[in-house]
Amino acid sequence: MPLKLFYNDMSPPVRAVLLTAKAINLEFDLREIDIANKEQLAPEFMEINPQHTIPTLVDEDFVIWDSHAIAGYLVSKYSEDDSLYPKEPRKRALVDQRLHFDSGILFPRVQNLVYPIITFNDKEISREKLSAINESYKFMDKFLENSTFLAGESLTIADFCCVSTISTATIIIPVSVERYPNLSKWYQLLKNLPYYEEANGVGLNKLDALVESKLGRPCHEDCMCNLAK
60 MPLKLFYNDM SPPVRAVLLT AKAINLEFDL REIDIANKEQ LAPEFMEINP QHTIPTLVDE
120 DFVIWDSHAI AGYLVSKYSE DDSLYPKEPR KRALVDQRLH FDSGILFPRV QNLVYPIITF
180 NDKEISREKL SAINESYKFM DKFLENSTFL AGESLTIADF CCVSTISTAT IIIPVSVERY
240 PNLSKWYQLL KNLPYYEEAN GVGLNKLDAL VESKLGRPCH EDCMCNLAK
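Just so you know, we're using my numbering here: the sequence shown kicks off at 60 and counts up by one.
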């Protein structure tokens, strides 16, 4: 029985799961949830996931949601090795720390940046929101000061979760090579993965187009001064 994934690829957490699946050559029975039409609140989906969040994974009689939990589960159960989510305690602790950074700091700030635009048609972005994103970039640049990837020299699910979030932030605030050289190098490295465009780029481009349509102007670095107030 194929793994069933309830998803919408404009969602950064969904894209993190898609990246993980592609990395371990895992296929899903994809069930798209139309957020605009509130399909996540349909009784049949609420029965599966009472929190009505995506992504939601159904593996036979097992149901789990939260992208970080799903990514860890997929690697633990279906990957040929544990390189993406190491079992060694210190390596795993570092991956977990980066995942907690994504869920507790990075993603909430990006959500706070993008959600009001697509939901409430906000046309302006406060300097506080812009500063919060740039601070997050600074944190990540420091994480990457002495390592190729976020949790060492090997690619892990922490990279997938954070790149799906960072790429979403870059719709509004590009990663400056001059200010964040380590982060910029890492971001380019992730974008060069053979499955990046399919797993993350397609949904990101949809979200980019939606944000641009809501703002009524392109989202480029040279228009950031017009967005801040």
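Where a beta carbon is used, it is the ideal one built from N, C-alpha and C, also for glycine.
In the structure shown, VAL234 falls within a coil segment according to DSSP collapsed to helix, strand and coil. Under DSSP, GLY211 forms a beta bridge with PHE208.
Excluding residues up to 5 positions away in sequence, nothing lies with its Cβ nearer than 6 Å to the Cβ of ALA152 in the same chain. Every beta strand (DSSP E) stretch that sits fully inside the stretch 93–178 and reaches 3 residues is listed by chain position as 115–118 and 121–124. Nearest Cα to VAL134 within the set LEU85, ASN96, ASN180 and PRO102: LEU85. HIS159 is classed as exposed because its beta carbon has fewer than 16 other beta carbons within 10 Å across all chains shown.
Rounded to whole angstroms, the gap between the alpha carbons of LYS182 and ALA191 is 18 Å.
Taking C-beta separations shorter than 7 Å and ignoring five residues to either side along the sequence, the partners of GLN110 in its chain run TRP124, following chain order. A direct Cα-Cα distance of roughly 22 Å separates ASN241 from TYR254. For PRO175, the CB contacts under 6 Å within the same chain, skipping 5 residues up- and downstream, are ASP181 in chain order. Exclusion of the five residues before and after LYS81 leaves TYR254, GLU257 and ALA258 as the residues of its chain whose Cβ lies within less than 8 Å of its Cβ.
Inter-residue distance for GLU119 and ILE184 is about 43 Å (C-alpha atoms, whole angstroms).
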